[in-house]
Amino acid sequence: MTTEAPLTTAPVGGAVKKVTTPAAAAKKKLSSPWASLAAIVIAVLWTVPTFGLLVTSFRPEADIKKTGWWTFFSNPLVTFENYEAVFGAEEGVNLADYFLNSLIITIPSVIIPLFLASLAAYAFAWMNFPGKNLLFIVIFALQIVPLQVTLIPLLTFFVDAGLAGTFWTVWLAHSTFALPLAIYLLHNFIKEVPSSLIEAARIDGAGHVSIFFRVLLPLLTPALAAFGIFQFLWVWNDLLVALTFTGPQISPITVQLSNMTGTRGTAWYLLSAGAFVSMVVPVTVFLLLQRYFVRGLLAGSVKG
Amino acid sequence: MFVQRGSSRSRVAIAGALSMGLVFGLSACGDSKDEEPGTGATSLAAIDCTPYKAFGDLTGKEVSIYTGIVTPEDTPHKESYKPFEQCTGVTVKYEGDKAFETQILVRAEANNAPDVAFVPQPGLLQRLVQTGKVKEAPAEVAANVDKFWGADWKEYGSVGGKFYAAPLGASVKSLVWFSPKEFKDSGYAEPKTLADLKALTDKMVADGKKPWCAGINSGEATGWPLTDWMEDFMLRLSGPETYDKWLKHEIPFNGPEATKALDAVGEYLKNDKYVNGGYGDVKSIASTTFQDGGLPILEGQCSLHRQASFYAANFPKTAKVGPDGDVFAFYLPGETADSAPVLGGGEFVAAFADRPEVKAFQTYLSSDTWANVKAKVSAGWVTANKGLDPANLQNPVDKLSAEILLNPKATFRFDASDLMPAAVGQNTFWKQTTAWLTGQDTKTTLDKIEASWPK
């Protein structure tokens, strides 16, 4: 609360008004009634399809196939059959079995690149070694490689290395694809830390390891969380990488979701229920960490 | 304030996540064990094991299958392997994946191919053979195919004169779905010739109905049901020999035969009096998904829907499929009552390994034994294997399809769009016929497809 005090007292006289920080000005503009109205309209527009999906997931098969979800309100028939079907072995796919696979795939695929990227970002920001700039540009440039072109060579490599059919294939693939952006983002964030902090730590006798873990890591939390969410959502929702590298035993929920509709798509009405099941985790993660997400989006992008 | 609210919200979110996680975790534990003791193992009679003795002791070996056949058709497949597994001690690992058609190429390229793949198109089989990873079919399989299938089927499983893949299942595309009840009440008879079909349609129009319904929307494959329509008419109006020349591009795509076929389709599908029962005018065909195309039959809003045997799975479980049920199919007749051209599709068993257990499994799949075992456990499945006893089939549509396929007069032809180069068969043929339906004339349509044929 004390930090906010100067803001509330600042706008007194005309002369003082000009000193108002850009943040306060933005806050004033964004909280006008029109802006609120616009925000509400956008929020409603954005939520309607999701709401429709939710309603659909509780409607009977024949209704889903014949009419739109909005007819639910004139003919409210509720059934849990769709949810029973996506969790029942009767339909051939039990999503619950693959829920765990998705978690096993996603968590290491977030932690591995975050860990490696923060170390690399530190090295690029605060250590001096020959070829540093060139190497950084190369890593930066790797972001433009479309991951599709790497699928077959990577798979060949995994087969040769004897990793095919294990979780290592997806963990390594996702980590590889995430690293360039992660290093770049975290590097810009670390670079913004005042050099006096690092120097003070050095004078106190800290080496690179203790500087990284004791000084920078606590400061890095918002950036790590932001990239963590980003990567988590990406890996959780990924279908292509999982299709290419995983086998029947280790495939994530997205692959099963696409197979659930049946060989010729005849069971597409199950998709709404299936989609909601697979959405639970990403929505939770987003709600938990959304403050960091917004803060972290600006990390490295706006330089004062 | 903000921080406070955030943390209370995150507590709610954590609680939600934990409880959902618990629910999923528990249900995962509960369900996974229930289905294990296979019902098929007990209900299926033991089979004669002698044909597999020749492959030596296979106990403990594994064969992996990769296929685009997923739920619910995968369960009968797995069931049908059990007698083989009991005979030989081989474990069959089944992997169904809807993205099979693209992923099998990736896997073959990356040396990560399965032992056996069920390839749904001869065109795809050719591309797989070109990777050099597909093994030729063993002699036992070739002998079975010579015995149980027609020469046309063996040809579809061959590339460059070498026989690679035995046929597995088949689907009959020359079917028209209708409501037996409506036919009985209104005194309609199943047509025996194309002229009959036309007369029946006109009679329905006179009764104040919109007879036909159709849907061709299928995501990126939108238009494929139209190609089936055209192929069916090509086969009927110009005969199988011309059909073969047409799909091999020995005669031009836009020749008089093709023009006649597409115009014949247009008489039905581009006629506002005939379509689109339950949905609207001609243009609504393009926006209706193929899965929904025939559903108005159940509501009595549409009387006829031309679609393959596998369409049976699209009707809700509450609808009874059968000659005395809510919906059934008749054979799309030939031009005369004694010609029986059949358009269809099927899968082929390609092997990427030549270990004894893989060969034994291929032999099993190409036998009449397997065909009958499979028939007993599945619904919505049929094969052109002559060793199949149609009495073993469970489902009336399957029985009808088997009768059509095994009819000695039948001339079977594979879906031409699956045999043409991908640039045509999986691209312009779909797109241009869709444009044709929404207004483009026949000549422009066929000229554009002809122009897209790879030189």
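Protein chains in written order, with the working numbering: chain A, 1 to 304; chain B, 1001 to 1455. Built from N, CA and C at the ideal position, the CB exists for glycine as well. In this text the structure is predicted, and so the values were computed from the model without any measurement.
DSSP places B/Asn-1217 within a strand segment (E or B) once states are collapsed to three.
By the neighbour-count criterion, in which 16 or more other beta carbons inside 10 Å mark a residue as buried, A/Leu-240 falls on the exposed side. Inter-segment contact for the segment 1109 to 1116 of chain B and the segment 1049 to 1066 of chain B is present: three or more beta-carbon pairs are separated by less than 8 Å. Residue nearest to B/Glu-1335 within the set B/Ala-1165, B/Leu-1406 and B/Ala-1195 is B/Ala-1195 (criterion: CA-CA distance). Using a Cβ-Cβ cut-off of 9 Å, B/Asp-1097 is close to Leu-243, Pro-248, Ser-251, Val-255, Ser-258 and Asn-259 of chain A, given in chain order. B/His-1249 carries a coil assignment under DSSP once its states are collapsed to helix, strand and coil. What B/Gln-1103 touches in chain A, judged by beta-carbon distance under 8 Å, is Leu-243 and Thr-244, going in chain order.
Between A/Val-93 and chain B, the shortest Cβ-Cβ separation is below 9 Å.
The beta carbon of B/Thr-1442 sits closer than 8 Å to the beta carbons of Thr-1259, Leu-1262, Asp-1263, Gly-1266 and Trp-1436 from its chain, once the five residues preceding and following it are set aside; these are given in chain order. Note that the C-beta distance between A/Tyr-122 and A/Phe-212 is below 9 Å. Under the Cβ distance rule, B/Arg-1107 counts among the residues neighbouring chain A, one pair being separated by less than 9 Å. Each residue's CA atom was taken as its position, placing B/Asp-1418 and B/Leu-1247 some 10 Å apart. In the DSSP annotation of this structure, the continuous segment of the beta strand (DSSP E) that includes B/Gly-1344 starts and ends at 1340 to 1351.
Under the Cβ criterion of 9 Å, B/Ala-1137 is not counted among the residues facing chain A. Among the residues of the segment 1066 to 1084 of chain B, those with a Cβ less than 8 Å away from any Cβ of chain A are Gly-1068, Ile-1069, Val-1070, Thr-1071, Pro-1072, Glu-1073, Asp-1074 and Thr-1075, in the order of the chain. Using a Cβ-Cβ cut-off of 9 Å, B/Tyr-1094 counts as an interface residue toward chain A, since at least one Cβ of chain A sits closer than that to its own.
At least one beta carbon of chain B lies nearer than 9 Å to the beta carbon of A/Asp-160. If you draw a straight line from the Cα of B/Thr-1222 to the Cα of B/Pro-1454, it comes to about 21 Å.
Assigned with DSSP and collapsed to three states, B/Ala-1117 falls in strand.
Look at the beta carbons and you see the segment 104 to 122 of chain A touching the segment 220 to 230 of chain A: at least three pairs across the two are nearer than 8 Å.
Each of B/Glu-1231, B/Thr-1131 and B/Leu-1332 was checked against the Cα of B/Glu-1190, and the nearest Cα belongs to B/Leu-1332. Proximity of the segment 1097 to 1105 of chain B to the segment 248 to 268 of chain A meets the contact definition, three or more beta-carbon pairs being nearer than 8 Å. Against B/Asp-1292, the close residues of chain A are Lys-65, in the order they occur along the chain (beta-carbon pairs closer than 7 Å).
Using beta-carbon distances, A/Gly-262 counts as an interface residue toward chain B, with a partner under 9 Å. A distance of 9 Å or more separates the beta carbons of A/Leu-233 and A/Pro-180. When the Cα atoms are used, B/Trp-1224 and B/Phe-1429 turn out to be separated by approximately 8 Å. Partner residues in the beta bridge of B/His-1305, as assigned by DSSP, are B/Trp-1177.
Here DSSP, grouped into helix, strand and coil, assigns B/Lys-1162 to strand.
With fewer than 16 other CB atoms across the displayed protein chains lying within 10 angstroms of its CB, B/Asp-1185 is exposed. Unbroken beta strand (DSSP E) runs of no fewer than 3 residues, entirely contained in the segment 1365 to 1411 of chain B, are not found. When 9 Å is used as the limit between beta carbons, B/Phe-1233 is near no residue of chain A, the shortest such separation being about 23 Å.
With fewer than 16 neighbouring CB atoms inside 10 Å of its own CB, B/Glu-1220 falls in the exposed class.
B/Tyr-1279 places its beta carbon less than 9 Å from that of B/Cys-1213. A residue is called buried when at least 16 other Cβ atoms come within 10 angstroms of its Cβ; B/Met-1204 meets this threshold and is buried. Within a 10 Å sphere around the beta-carbon of B/Cys-1302 sit 16 or more other beta-carbons, which makes this residue buried. Close CB contacts of B/Lys-1270 within its chain, under the 6 Å cut and outside five residues either way in sequence, are with Val-1282 (chain order).
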